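Okay, so here's the structure we're looking at.
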Amino acid sequence: MRADGKAHRGVSYRLPIHQRLSNALSNDEFRIYYQPVVSLSTNKIVGVEALLRWEQRDPAYASPDTFIGQAEASGFIINLGDYVLRGAAEQMRRWHDRFGPRFKLAVNLSARQFAHHNLIKSIEDALRFARLAGTHLEFEITETVAMHDAEESIGIMRQLKQLGISLALDDFGTGYSSLSYLKKLPIDKLKIDKSFVRDIPSDENDLAIVSAIIAMAHSLGMTVHAEGVETQAQADFLRDCGCEYAQGFLYARALPPADFELMVEAAAAESSALEAS
Ligand code: C2E
Ligand code: CA
Ligand code: CA
């Protein structure tokens, strides 16, 4: 053991990833952060997306894109997904008790979770335990997951909808979408991928793609949510095109629960000051 205590970490990195993730879960190294979702018409917070963080000293291992991919490949995502769903549902219950039921909780569902035989039962258990209605929950699945074996996916989605849960297609535009299936999917919302939002309003092609996605979604009866909104010019363009929701660094990064609460309280104080003036 080195004086700086690094020997353990050196050893642990040689463990199989499944074991490392499992140790991290037992050692309480995962945190759920929350990124606000804002209504573009009212500028109010209407939801939060739960985003998982792994607190490690080495940032190279801590990126969600890396460890979520490893969890997915190793199958440990089932345990991690359960941890996120239960933790976020309980957090939402506390926020509903404190602020009223004004936010919807969005949770990401990976391919393995979506196809897992225990999916519906684990969702029902998490909702029951947190005393949360399904109508306060939204699942985000990527178009590739939704389109893979579309008939089977539609069946699972219908079961989720029967629980009152709403469904969003995440990273829309980056995966493989069959438009003939898209119209059959019981999807409530399209989330436009941040790669299309990044160069708004300067890139003519992105402007055309984004406005076409918004028009298509609306004509299919879906709402639209833009991710990766970093500037007011992007938000203004999206709102003018009729996009309903936005999420991104313009409003806030994914925050620990206490920081999200400060943001909600600050927004409430600002709007009551405006009403009083
Ligand atoms: P995602 O679902 O597309 O989540 C949005 C990602 O964009 C998040 O990255 C968020 O921090 C980042 N982001 C938000 N606003 C902005 C912005 O204005 N600009 C830029 N450049 N980025 C922004 P994060 O948290 O690193 O997560 C990466 C991916 O990891 C997520 O992408 C999701 O696919 C996956 N992930 C995270 N948490 C979970 C989870 O609990 N379960 C599952 N299955 N996947 C998760
Ligand atoms: Ca997402
Ligand atoms: Ca996304």
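Be aware that the sequence shown starts at 633, since it is given in this note's numbering, and climbs by one per residue. C-beta atoms are modelled at their ideal positions from N, C-alpha and C, and glycine is treated no differently. Values in this document were obtained by computation on a predicted structure and should not be read as measured data.
Straight through space, the alpha carbons of Ala865 and Asp781 are spaced by roughly 39 Å.
DSSP places Ser673 outside both helix and strand once states are collapsed to three, so it counts as coil.
Distance from the CA of Glu661 to the CA of Pro889, rounded to the nearest whole angstrom, comes to 16 Å. Boundaries of the alpha helix (DSSP H) harbouring Ala782: Ala782 to Gln794, taken from the DSSP string. Taking a contact as a CB-CB distance under 8 Å, the pair Ala844 and Ala800 does not count as one, their CB atoms being some 19 Å apart. In terms of CA proximity to Phe735, Arg725 leads the group Arg725, Ala847, Ala743 and Ser742. Tyr666 has its CB no nearer than 8 Å to any heavy atom of ligand 1. Taking C-alpha positions only, Ile788 is separated from Phe746 by approximately 8 Å. Listed as beta-bridge partners of Gln667 by DSSP are Glu681.
Of the residues Asn750, Gly805 and His749, the one whose Cα lies closest to the Cα of Phe828 is Gly805. When only Cα atoms are considered, Gly880 and Val777 end up about 24 Å apart. With fewer than 16 other beta carbons inside 10 angstroms of its own, Arg646 counts as exposed. For Asn750, the CB stays at least 8 Å from every heavy atom of ligand 1. In terms of Cα proximity to Gln667, the closest of Ala908, Ala884 and Glu893 is Ala884. Here the alpha carbons of Val842 and Ser673 stand approximately 18 Å from one another.
A straight-line Cα-Cα distance of about 28 Å links Ile819 and Gln702. Spanning the alpha carbons of Leu817 and Glu902 requires a straight line of approximately 40 Å. In the three-state DSSP reduction, Ile700 falls in the helix class (H, G or I). Take Met854, set aside five residues on each side of it, and the residues of its chain with a beta-carbon closer than 7 Å to its own are Ile819, Asp820, Lys821 and Leu822, in chain order. At a cut-off of 8 Å, the beta-carbon of Glu783 does not count as near ligand 1: no heavy atom of the ligand is closer than that. Judged by DSSP secondary structure, Val739 falls within the beta strand (DSSP E) whose first and last residues are Lys736 to Asn740.
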